[in-house]
Each structure stands twice: as C-alpha cells, then as structure tokens.
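As structure tokens, the structure follows; a few thoughts come after it.
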Amino acid sequence: MADPRGFLKVRTRHEVEDRPVEQRVHDWNDVHAHEGLQPWTQEQAARCMDCGTPFCMMGCPLGNIIPEWNDLVRQGRWREAYNRLSMTNNLPEVTGRICPALCESSCVLGIHQPPTMIRNDEVTIIDQAWELDLVQPMAPQRISDRTVAVVGSGPAGMACAQQLTRSGHTVVVYERDDAIGGLMRYGIPNFKLDKHLIDRRVAQMEAEGTVFRPNTEIGVDIFWDELRDRYDAVVVATGSTVARDMDLPGRDLEGIHFAMEYLPDATRRVYGVPERHGIDAAGKHVVIIGGGDTGSDCLGTAIRQGAADVTVLQIMPQEPACRPDNQPWPTFARLYQKTSSMQEGGTYLYNTDSVEFVGDESGHVRGLKIVDVAPGENGPFTRQSGTERVIPADLVLISVGFLHPDTTTLERQLPVDLDARGNIARDDAFATSQDGVFACGDAGRGQSLVVWAIAEGRSCAAAVDEYLTGSTELPRAIVAS
Ligand code: FAD
Ligand code: SF4
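Using full-length UniProt numbering, the first residue of the sequence shown is number 1, and each one after it goes up by one.
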C-alpha cells in the first residue's frame, strides 16, 4: 500500500540533472549522471497515488506494474522491486535510460502536479539489482525438444529469445553485424546508451542458454528457406533499416550520407571497431536534414567530433516547449521534450525545406539551397518565393526517417506477405503468411521505440511457444498491429 498522503507531503518533482554541457561534449559517456540511489529517490517514489485505475501502466506498452514498484522503491525493498520489474521488462536498463516515458505522460498526478519519476525509478531498481547481485541467469526448469531461430539481435530479438529460452526451447539468435544489440549497439550513440549495458545482458542470456551467432547474415550466409528447414520456428526481428532518401538535384555529390551510415561509425570509433564508411564531422560545416530523434543524435555526435558548425533543418514548425493550457492530459510526452543534444549547440532552422545540393568542381557538396515554407495554396508546407538561400555544407546527413525492413533476400527465399508500407505482414499473433515464421519489432511495426520492440518480442515469444507446444504461460503485453 503506497503512502496515501505522499503526494501531499512532496509536491515537487526532483528533476535529474544531466552532466554539464561543457563537460559532456568532450567525451562519449552518458549525458545523464546516473548516480544511483539518491537521498530523494524514496521520497519521490512516495508521490505515487496508487490510483485505482493506473493509467501509467496503460501508457507503458509493456504494462510495467508501476504503482507496485513505486511503493517498493519507497520502502527500499529492492529484491521485490526487481522481481516485479523483471516480470514485464527484459531490458529495463535500456528503457530506464532512453524510453520517452510514455507512462509519465499518463500519470494521473500529472493533472495537478508534475508526474511521478517513473523512468528514474525503473533505472534505479535495475541499477540497484545489478549492484546488489540480484540479477542472475534464470535458466529453464525443463528443456523442450523444440528449436527456434531468431534473426536480428535488437531489443525485439533479444526479448523474444530470452522469453523462449527461459521456456525451455533451444534458441539461436543470428545477427549480421559483428556485435549483438541491433540499434542499441551502434545506432544509438554511446552518450545516450553505454554499450556495457548490452554486454552485461547478453552475458546473462548466454548463461541461460541462448546462443548468439554474430557475423551471420540470413539470406546470404544461410538462406532463409534453409533456416526454416533447420528450425521448428523462425522469428524475423530484422528491424526497419531502409532509409528514406531525398530526390534532389546534386544528391550524388560526395559528402552526402544517410544518418545510419554516419552514427554507427561514430560508435565504432569510440570502441576501436573497424568503421564501414569513415565519415568524420571534425572541422566541417555539417547540415542535418530532419529534426527527429535520429537527427538529434547526429547533432550530439557531430558536436563531439568537433564540427565547425551544425545546422539542423526541420520542415515542421518548432514544437511547443510545454503542454498547451487547454490540453492538460493525456498527451504524448516526446512533443514537449528538448533532447540533450539540442542543449549542446547547433542551430535549428524550422519551417525550412531543402531545394538543391550545391557542389564544387571536384564533385563534393559545399552547400545546400533551402527555402522557407508556410501554410499556403500548396498545403501546409508551401514554399515562400524570395526566401531561397544557400547555407554552407560540406557534410550533409539525411535523417528523414525509415521506410521499411530490407526484405530483398527474404522475399526471394521465403516469401512472406508484406503490408502496404512494405513491413512484414502479421496476424494478431505475430504469425506471417509462412507457416512457422513470425515477425516482431520494427520489421513488422515500422521504425518505433525500444519499449515497443521489447513488448513485441515478448508477445511474439508467447505466440511462438503456443505454436510449438499447443499452449503457453508466457505473458502477452500486446497484439501485433
Ligand atoms: P533493430 O534494433 O533495428 O535490430 C535489428 C537487427 O537485425 C540489427 O542488428 C540488424 O543488423 C539485424 N539484421 C537485419 N537483417 C538481418 C539478416 N538478414 N540477418 C541477420 N541479422 C539481420 N528508441 C527509443 O526508445 N529511444 C531512443 O532514444 C531511440 N533512439 C534511436 C536513435 C536512432 C539513431 C535510431 C535509428 C533509432 C532509435 N530508437 C530509439 C528506435 C529503436 O532503436 C528501435 O525502435 C529498436 O531498436 C527496434 O528494435 P528491433 O529489435 O525491432 O530492430
Ligand atoms: Fe515508462 Fe518506458 Fe519504463 Fe514503460 S518502459 S515504465 S513507458 S519509462
């Protein structure tokens, strides 16, 4: 039972400070201090009202049992808090750091006071659990004679594999990259997510019995149909990797790259792993096209690499800095959050469209012609005549989203149906059009969030378990959408 008067005693939220900008832009460590258990942690957890209808749990795609752990944090009962948390989340050390905390924008206390610190409680529980040696391998009690291949080792693949291994099935995770983790490994910069967190979790999974096969591309090193023949079930968790391009004059100039050619190399360099493209922002005029999360990660990376200047273009208007008065809740948290990279430097140009890449005689990009947009006769983004100008750019990073998964070899070797967007089509239970083949994570949902990928992976595992054994006791957080 929570302290029924906790929210009346402590009415303010203790915002967790990031490390100072002038310090953190000189290293690749986490921008957050993450100092573990603090004197205010338990007092803040006591602000949870333990609502009869916990909307926070509905806001969390995993259905994390938030009011229960808030109260256990309040009492400092870390073992029980960890037990509750690990019932619903396979990677709380990741969501506790980089989830946009959909739960907090659903917190009922948020109507009149700042919401409770749910994400911080999550990361404190799991950090305490590791610290106190509570996180141990949970090997299956019984081994089945069923085998599963999981293709892709991002959060969806990892969560799915862990659930199935713990159910007793023999699970092999195939990953084409040289290290496990999907976008968590090389896509998301180290200053948001330190990679030792992934290594630690992979070690736990290996101790439980999951087998990882990095450097193995299904479709090339092993054909998809061969994989299906070898295993009782196949899970496709290959992510949404095909980047949206820009069909503009000058697109073929040197120095124009997709964000996902740039970001993974930056993290590879931090860890001394051989790079694929060798792109470096040092000393350059960098222009990032697209002001979403990926663009923001490019900004923080370019600043740390020592770019001369960085400009981020966004066709949308500037987002409001706070919730509008007439919309107290519920709302979508990310619309109102400023990313850590935005605090570190760079110039954001809103209501701006790109017109043409401008090159020098050697064929290298040197500028980008841009134009202002405003609502008008051609829709919300009508180009405003007379506003065209060229801004300097000798490194351009295209960060305008992802289209769908790369299904080139899959379609040839094990043709599954795709949906209208090019994602892998599934029924409610994550089953594709091929018997025994399931799909989860961004490969089926489209580019999304880690928390959704984990929810998909867990729920897909339940569907696979049921397919293999006729029934399942594994939880299903969601149905496929
Ligand atoms: P992925 O993480 O993409 O993993 C798929 C894996 O499959 C990859 O490792 C790939 O190499 C492998 N693979 C593909 N094809 C094959 C094949 N044929 N054979 C073998 N392996 C294969 N979400 C958040 O919640 N918070 C954030 O702060 C955040 N930041 C992000 C920053 C960036 C730059 C990007 C691009 C995304 C970010 N996201 C964030 C989104 C989040 O990372 C994804 O939604 C999530 O990783 C999807 O998980 P997944 O397991 O479906 O796929
Ligand atoms: Fe909130 Fe995200 Fe944690 Fe769920 S996973 S409790 S939405 S921070």
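All C-beta atoms in this analysis are idealised placements derived from N, C-alpha and C, irrespective of residue type, glycine included.
- In this structure, the straight-line span from the alpha carbon of V10 to that of Q44 is close to 7 Å.
- If you compare the alpha carbons of R97, G300, R366, E466 with that of R24, the shortest gap goes to G300.
- Within the same chain, Cβ atoms closer than 6 Å to the Cβ of D127 are found at G36, the five residues on either side in sequence being excluded.
- Rounded to the nearest angstrom, the gap between the Cα atoms of T339 and D293 is 8 Å.
- The ligand SF4 approaches N64 closely enough that one of its heavy atoms is under 6 Å from the residue's Cβ.
- In the DSSP secondary-structure assignment, S354 is bridged to I370.
- A distance of 7 Å or more separates the beta carbons of G76 and R47.
- Closest in alpha carbon position to L85, among C107, C60, S106, S433, is C60.
- In the structure shown, T301 adopts helical secondary structure according to DSSP, grouped into three states.
- Residues of the same chain with a CB within less than 7 Å of the CB of L183, apart from the 5 flanking positions on each side, are G154, G239 in chain order.
- Shortest Cα-Cα distance from L263 to any of S433, G295, M138, C440 involves G295.
- Residue range 233-236 is occupied by the beta strand (DSSP E) that includes A233, with no alpha helix (DSSP H) assigned at that position.
- When D309, R304, Q136, E68 are compared, the shortest CA-CA separation from V287 is found for D309.
- If you check the CB distance, C103 and T116 do not come in under 7 Å.
- Not a single heavy atom of the ligand SF4 lies less than 6 Å from the C-beta of L414.
- Within the region 161-214, the beta strand (DSSP E) runs of at least 3 residues that lie entirely inside it are, in chain order, 170-174, 211-213.
- R389 and I315 have their alpha carbons spaced roughly 15 Å apart.
- C-alpha of G446 to C-alpha of Y174: approximately 20 Å in a straight line.
- Taken from the Cβ of T95, at least one heavy atom of the ligand SF4 lies inside 6 Å.
- Straight through space, the alpha carbons of T216 and V150 are spaced by roughly 12 Å.
- Within its own chain, the residues whose Cβ lies closer than 7 Å to the Cβ of L418, once the five positions on either side in sequence are excluded, are T407, I424, A425, listed in chain order.
- Taking C-beta atoms as the reference points, C160 and A461 count as a pair closer than 7 Å.
- By the beta-carbon neighbour count (other beta carbons within 10 angstroms, threshold 16), M87 is exposed.
- For V148, the enclosing beta strand (DSSP E) starts and ends at 147-151.
- Following the DSSP letters along the chain, one finds T339 in no alpha helix (DSSP H), marked with neither H nor E.
- In the DSSP annotation of this structure, P317 is not part of any alpha helix (DSSP H), being labelled neither H nor E.
- The continuous alpha helix (DSSP H) containing R228 extends over residues 224-230.
- Contact fails between the region 240-254 and the region 201-213, because fewer than three Cβ pairs, one in each stretch, are under 8 Å apart.
- DSSP places I424 in the strand class (E or B) of the three-state scheme.
- The beta carbon of E80 is closer than 6 Å to those of L72 in its chain, skipping five residues each way along the sequence.
- For G96, the secondary structure class from DSSP, reduced to helix, strand or coil, is helix.
- Between the region 12-28 and the region 51-68 there are fewer than three inter-stretch CB-CB distances shorter than 8 Å, so the stretches are not counted as touching.
- In chain order, Q305 place their CB closer than 7 Å to the CB of D280, counting only its own chain and leaving out the 5 sequence neighbours on each side.
- If you check the C-beta of A156 against the ligand SF4, you find no heavy atom less than 6 Å away.
- T216 carries a coil assignment under DSSP once its states are collapsed to helix, strand and coil.
- Rounded to whole angstroms, the Cβ separation of R201 and L91 is 6 Å, and the two are in contact under 8 Å.
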